[in-house]
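There are 2 protein chains.
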Amino acid sequence: MKKRSGQADEAHAIAERVHSAAIRLLRRLRKSDAAQGLSGPKSSALSVLVFGGPQTLKDLAAAEQVRAPTMSRLVAELEVDGLATKAGDRSDRRVVRIAATAKGKTLLEAGRERRLEVLTAQVEALSRAERETLRSAAEILVRLNAQG
Amino acid sequence: MKKRSGQADEAHAIAERVHSAAIRLLRRLRKSDAAQGLSGPKSSALSVLVFGGPQTLKDLAAAEQVRAPTMSRLVAELEVDGLATKAGDRSDRRVVRIAATAKGKTLLEAGRERRLEVLTAQVEALSRAERETLRSAAEILVRLNAQG
DNA sequence: ATAATTAGTTAGCAAAGCTAACAATATCAC
DNA sequence: GTGATATTGTTAGCTTTGCTAACTAATTAT
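Sequence order for the protein chains is A and B. Counting from 0, one number per residue, gives the positions in the first sequence under numbering that gives the first Met the number 0. Counting from 0, one number per residue, gives the positions in the second sequence under numbering that gives the first Met the number 0.
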């Protein structure tokens, strides 16, 4: 028997629901992915490159909350597909600067578009207040995620 | 160049943010998982069994938005660990009824507890209004997910 | 100059998803 | 009833994505 304060109990219930909703959302979106050439993690990494500009592998891995070897491989694959480039840094020759190519940017757009098509339509059908709730919740989560 | 109505544009931006927040949240939570014996998908499946009662493999797979072979393996692993049982149905001998064991229920509790510990603490530290926002957002997402 | 740290890669493993192919049972058409 | 078709679940084998451990190369600190 667990004993908790009312507030902690409420927080726990909210955490569970948010967690569960996130799991199901991603599983659902994953499906519209395969149809096209850009998997979830690759799309996400490319997105960071497009919107955050060229970065080192380490930073990219950190942004994606993934270990260096994992990102190293993802980037290698993006490079093979001509979606990103690696270039050595002159001042510190250990680091590799990774950038999205024009092709990468284009494909990213198309990919995220399709991936989020259904969700976007659903969000559009919500009331103004509900949309605002989602937007605020996303912001809160981003903040919590950053906290670690 | 994409052209969109202001409202669709807003919906798209919200969809992106929600998506991104969900990705990062799950990546973060996944880490506190490994420490213990119950991975994300297994924990989730077990949860369905505990809260939804015994089910056929097909229903369980549908609830988890996963294909039958995937669920078949997850259940087999849960069974090996003594967390779930499979029993044939007498009236339709094709189907297998899957149920959580007492051990499974206990472990599920402990698992989700630990998995959500950090998030719960963070949610607890939020303002009342922020907590309410998260709760509402989770509800909205669950509804959208159910729509397909 | 040498030691320690940092950035990235390679190799090899595990988890979780998929499809294709199959066995066993149920249901339907006739 | 019997043969064709559906459904349920499993097995085999592949892919993707994550990890750690071990390594190289380059930089920084002592």
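For glycine and all other residues, C-beta sits at the position ideal for the given N, C-alpha and C. Here the structure is a predicted model, which is why all the values come from computation and not from measurement.
Min CB distance Val-94 (chain B) to chain A below 8 Å: Chain A, which has no Cβ nearer than 8 Å to the Cβ of Val-94 (chain B), makes this no.
By how many angstroms is the C-alpha of Pro-53 (chain A) removed from the C-alpha of Ala-77 (chain A)? Checking the displayed sequence, the identity of residue 77 (chain A) turns out to be Leu instead of Ala. Going by the C-alpha atoms only, they are around 14 Å apart.
Under three-state DSSP, which class holds Gly-81 (chain A)? Gly-81 (chain A): coil per DSSP, three-state reduction.
Would Ala-137 (chain B) and Val-17 (chain A) be called neighbours here (beta carbons separated by less than 8 Å)? The answer is yes: Cβ separation under 8 Å.
Count the CB pairs spanning the region 91-107 of chain A and the region 44-60 of chain A that are closer than 8 Å, and state whether there are at least three. Yes, they touch.
Secondary structure at Gly-87 (chain B), three-state DSSP: helix, strand or coil? The DSSP-derived three-state label of Gly-87 (chain B) is strand.
Cα separation between Asn-144 (chain A) and Asp-58 (chain A)? For the pair Asn-144 (chain A) and Asp-58 (chain A), the Cα-to-Cα distance works out to about 16 Å.
Any C-beta of chain B within less than 7 Å: which residues of the region 38-68 of chain A qualify? Taking 7 Å as the upper bound on Cβ-Cβ separation, chain B lies near residues Ser-43 and Gln-64 of the region 38-68 of chain A.
Looking at chain A, is there any beta carbon in it that lies within less than 8 Å of the beta carbon of Leu-107 (chain B)? No, Leu-107 (chain B) does not count as interfacial toward chain A.
Is Thr-55 (chain A) helix, strand or coil by DSSP? Note: Thr-55 (chain A) maps to strand in three-state DSSP.
In the structure shown, what three-state DSSP assignment does His-11 (chain B) receive? Here His-11 (chain B) sits in helix by DSSP.
Could you tell me the distance, in whole angstroms, from the CA atom of Arg-26 (chain B) to the CA atom of Ala-120 (chain A)? As the crow flies, the alpha-carbon of Arg-26 (chain B) is around 26 Å from that of Ala-120 (chain A).
Minimum Cβ-Cβ distance from Ala-7 (chain B) to chain A less than 8 Å: Yes, Ala-7 (chain B) lies at the interface with chain A (some Cβ there is under 8 Å from its Cβ).
Of all the CB atoms in chain A, is at least one closer than 8 Å to the CB of Arg-113 (chain B)? So no, Arg-113 (chain B) is outside the interface.
Please classify Arg-96 (chain A): does DSSP put it in a helix, a strand, or coil? In the three-state DSSP reduction, Arg-96 (chain A) falls in the strand class (E or B).
Under the assumption that Glu-9 (chain B) contacts Leu-115 (chain A) (Cβ atoms under 8 Å), give the Cβ distance between them as a whole number of angstroms. Going by Cβ atoms, the distance from Glu-9 (chain B) to Leu-115 (chain A) rounds to 13 Å, so no, they are not a contact pair.
Contacting residues, own chain, Cβ-Cβ under 7 Å from Arg-66 (chain B) (five flanking each side not counted): So the qualifying residues of the chain are Ala-60.
Any idea if Ala-83 (chain B) is buried or exposed, counting beta-carbon neighbours within 10 angstroms, 16 or more meaning buried? Burial call: buried.
If we ignore side chains and look at the alpha-carbon of each, how far apart do Gly-81 (chain A) and Gly-39 (chain A) end up? Using only the alpha carbons, I get a separation of about 17 Å.
Is there at least one Cβ from chain B nearer than 8 Å to Ala-33 (chain A)'s Cβ? Interpretation of Ala-33 (chain A) is limited by its pLDDT of 46, a score under 50 that renders its predicted location unreliable; the figure taken from the coordinates is listed afterwards. Among the residues facing chain B, Ala-33 (chain A) is not included, as its CB has no counterpart in that chain under 8 Å away.
Is there at least one non-hydrogen atom of the ligand COA closer than 7 Å to the beta-carbon of Val-49 (chain A)? Looking at this structure, you won't find the ligand COA or any other ligand, since it has none at all.
Contacts of Ala-14 (chain A) in chain B (Cβ-Cβ under 7 Å): In chain order: Leu-115, Leu-118, Thr-119 and Val-122.
Around the C-beta of Arg-127 (chain B), are 16 or more other C-beta atoms found within 10 angstroms, so that it is buried, or is it exposed? With fewer than 16 other Cβ atoms within 10 Å, it is exposed.
Val-122 (chain B): first and last residue of the uninterrupted alpha helix (DSSP H) it sits in: Segment 116-123, the alpha helix (DSSP H) holding Val-122 (chain B).
Chain A beta carbons: is any one of them nearer than 8 Å to that of Leu-24 (chain B)? A Cβ of chain A is located within less than 8 Å of the beta carbon of Leu-24 (chain B).
Going along the chain, which residues of its own chain have a beta-carbon closer than 8 Å to the beta-carbon of Leu-125 (chain B), five neighbours each way excluded? Contacts found: Leu-133.
Glu-63 (chain B) by DSSP, collapsed to three states: which one? In the structure shown, Glu-63 (chain B) sits in coil (DSSP, three-state: anything other than H, G, I, E or B).
Exposure of Arg-23 (chain A), with buried meaning 16 or more beta-carbon neighbours within 10 Å: By the neighbour-count rule (16 or more Cβ atoms within 10 Å), Arg-23 (chain A) is buried.
Give me the residue from B:Arg-130, B:Ile-97, B:Ala-21 and B:Gly-36 with the minimum Cα distance to Ala-7 (chain A). Selection B:Arg-130, B:Ile-97, B:Ala-21 and B:Gly-36 evaluated against Ala-7 (chain A) yields B:Arg-130 as nearest (Cα-Cα).
8 Å Cβ cut-off: residues of chain B touching Val-141 (chain A): Those are Arg-16, Ser-19, Ala-20 and Arg-23, listed as they occur along chain B.
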